[in-house]
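Residue numbers (this note's numbering): 41 to 532.
What follows is the structure, encoded as structure tokens:
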């Protein structure tokens, strides 16, 4: 090449930019090709409907399937480092495949054992700290696969009044169910309870025993041979037990921060709380969000008797309600929502006479917003950060923006922005529009729940309720992915 053909100065920089753009396009095309190859490899294998059957470990921990899950974990969660101090986004593609192959090998030959976890203390809004246990990358991958498989398989067995850690359910569903119980079933007497240090005190043996009650048993395995079904179920059960017991081999307590713990808590609570409540007193509506319980009834005496029985049952499991710590028995008297508003999920629910349930934002909700807005001044773009924060806050408080309340809330928001010199974060018009949209979403969810509750359920025949899929379902499309839409996270 002649000297004249070599770009120089500005021409060289432009040429370099062009090469950079072309290289970036090539990388993107290569990633797309790799993704299609991975999907093709997976789709060429057997298909399992994981909402109906428990697949073999070889399918669930296939290297390409693990790689897809790894990529999702990097995108949506798992940013903190475990004891290995490795952060997922820092790993190269080669590193990720290496970890996936290692996980595949250890799980399939039965030698996988979880490592120690790193403890991280997270401040609580009411003071104190919550301890999260962060595992190594490989441990989080194993727990995530198990969690997704179990969630798909057991969810249909759970009662309709549990709302945490479940696909397509969240706080709005719970609030709508409470509203219906009060307004339409006239259950105005209530208790609000929660387990004392629930995750730290759950007996692991009871979770393992609860697997079969929740639909995870040999009959759920997708093979013909009874001997193979027992073998595959045994492999899954041993793997689940290893993850729950952790490196220390503990018998009590599951780790907050482990991806498997939420569905494990739901399995425990379904068997040892939700179903028991229905057996004790069908006239009591027992609503649960993780380890927070709400008991509602039209009869004060019936609810008081129920509360004593369920409290005694829980204590036999090695757990206690926080209310049972007090020696004064006055805390065991039901409250009436007409007299004492119910504080739940960041809202205050009250029942004005001759009206529908009303949801308000407590003072702590506004103070928390102000503190978080103050923190935006430390960001590179406080206005954009404030706008993003406010949008999320408004979207989460839809029930509080009823026509009679929205103007008061809007003025409170705008006043806070003015005091913090963040007026440009959100105009009054945009604030009002977001509030109206958020309230509309709440009303839509409320109507959806109310319609479901008004519709009588058609009982299934005994054969329909007991039949389990034990053979490989016919694949009519690509196999079901292990990925769910991001569900609502526990807000506390």
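Even for Gly, the Cβ is constructed at its ideal location relative to N, Cα and C.
Predicted model only: the values in this text are computed from it and were never measured.
Item checked: Limits of the beta strand (DSSP E) - the one that residue 8 falls within -> Here the chain has residues from 41 to 532 only, and residue 8 is not among them.
Next item on the list: State buried or exposed for residue 205, treating a residue as buried only when at least 16 other CB atoms are found within 10 Å of its CB.
Entry: By the neighbour-count rule (16 or more Cβ atoms within 10 Å), residue 205 is buried.
Check: What are the residues that DSSP puts in a beta bridge with residue 389?
Finding: 382 and 399
Check: DSSP three-state call for residue 159: helix, strand or coil?
Finding: strand
Next item on the list: Measure the Cβ-Cβ separation of residue 372 and residue 347 and say whether it is below 8 Å.
Entry: yes
Item checked: Helix, strand or coil at residue 468 according to DSSP, with G and I counted as helix -> helix
Next item on the list: Taking only the alpha-carbon atoms, compute the straight-line gap between residue 299 and residue 187 and give it to the nearest angstrom.
Entry: 6 Å
Check: Within the present structure, is the beta-carbon of residue 467 separated from the nearest heavy atom of the ligand NAP by less than 7 Å?
Finding: As presented, the structure is devoid of all ligands, the ligand NAP included, so that no description of it is given.
Item checked: Buried versus exposed call for residue 122 [16 or more other C-beta atoms within 10 Å across all chains shown] -> buried
Check: Which class does residue 489 belong to by DSSP, given the choice of helix, strand or coil?
Finding: helix
Next item on the list: Note down the Cα distance separating residue 243 from residue 358, rounded to an integer number of angstroms.
Entry: 8 Å
Note to self: Less than 8 Å between the C-beta atoms of residue 256 and residue 311, yes or no?
What the structure shows: no
Notebook entry, point to check: Hey, quick one: how far does the beta strand (DSSP E) through residue 233 stretch, first residue to last?
Noted result: 229-234
Note to self: Between the segment 319-327 and the segment 268-281, can you find at least three pairs of beta-carbon atoms closer than 8 Å?
What the structure shows: no
Margin query: Quick check: is the beta carbon of residue 383 nearer than 8 Å to any beta carbon in chain B?
Written below: Absent here is chain B; the protein component of the structure consists of one chain.
Item checked: Contacts around residue 220, its chain only, beta-carbon distance under 8 Å, and the 5 residues preceding and following it disregarded -> 489, 490 and 493
Note to self: If contacts are defined as beta-carbon pairs under 8 Å, then residue 174 and residue 158 qualify, I think. What distance do you get, rounded to the angstrom?
What the structure shows: 5 Å
Notebook entry, point to check: Just to confirm, are residue 185 and residue 101 a CB contact at a threshold of 8 Å?
Noted result: yes
Notebook entry, point to check: For residue 13, which of 335, 301, 333 and 296 has the nearest alpha-carbon?
Noted result: Only positions 41 to 532 of the chain appear in the structure, and residue 13 is not among them; the question remains open.
Margin query: Using only CA atoms, which one of 260, 190 and 328 lies nearest to residue 385?
Written below: 328
Item checked: Alpha-carbon to alpha-carbon, residue 424 and residue 451 -> Computed Cα separation, rounded: 20 Å.
Notebook entry, point to check: If you draw a straight line from the alpha carbon of residue 478 to that of residue 400, how long is it in whole angstroms?
Noted result: Between the C-alpha atoms of residue 478 and residue 400 there is a straight-line separation of about 14 Å.
Note to self: When you compare the CB positions of residue 97 and residue 140, do they come within less than 8 Å of one another, or not?
What the structure shows: no
Note to self: Taking 8 Å as the limit between beta carbons, can you name the residues of its chain near residue 338, skipping five residues before and five after?
What the structure shows: 225, 226, 227, 228, 229 and 323
Next item on the list: Might you give, ordered along the chain, the residues of its own chain that have their beta carbon closer than 7 Å to the beta carbon of residue 412, omitting 5 neighbours on each side?
Entry: 429
Checklist line | Classification of residue 444 by the beta-carbon crowding that lies within 10 angstroms, buried from 16 upward | finding: So residue 444 ends up on the exposed side.
Checklist line | Residues that residue 243 bridges to, as DSSP identifies them | finding: 292
Notebook entry, point to check: Tell me, which residues are paired with residue 361 by DSSP?
Noted result: 235
Margin query: I'd like to confirm the pairing. Which residues does DSSP put opposite residue 312 in its beta bridges?
Written below: Answer is none; residue 312 lacks a bridge partner.
Check: Using the rule of at least 16 other Cβ atoms within 10 Å of the residue's Cβ for burial, across every protein chain shown, is residue 407 buried or exposed?
Finding: exposed
Notebook entry, point to check: Based on the DSSP secondary-structure assignment, which residues constitute the bridge partners of residue 420?
Noted result: In the DSSP output, where bridge partners are listed per residue, residue 420 has none listed.
Margin query: Since residue 236 and residue 334 should fall inside the 8 Å C-beta cutoff, what is the C-beta to C-beta distance between them, to a whole number of angstroms?
Written below: About 17 Å; that fails the 8 Å criterion.
Next item on the list: Express the C-alpha separation of residue 138 and residue 249 in angstroms, rounding to a whole number.
Entry: 35 Å
Margin query: Looking at the secondary structure, which residues open and close the beta strand (DSSP E) in which residue 329 lies?
Written below: 325-329
Notebook entry, point to check: In or out: residue 465 buried (at least 16 other Cβ within 10 Å) or exposed?
Noted result: buried
Notebook entry, point to check: Counting only runs that start and end within the segment 165-226, where is the beta strand (DSSP E) found for 3 or more residues in a row?
Noted result: 169-174
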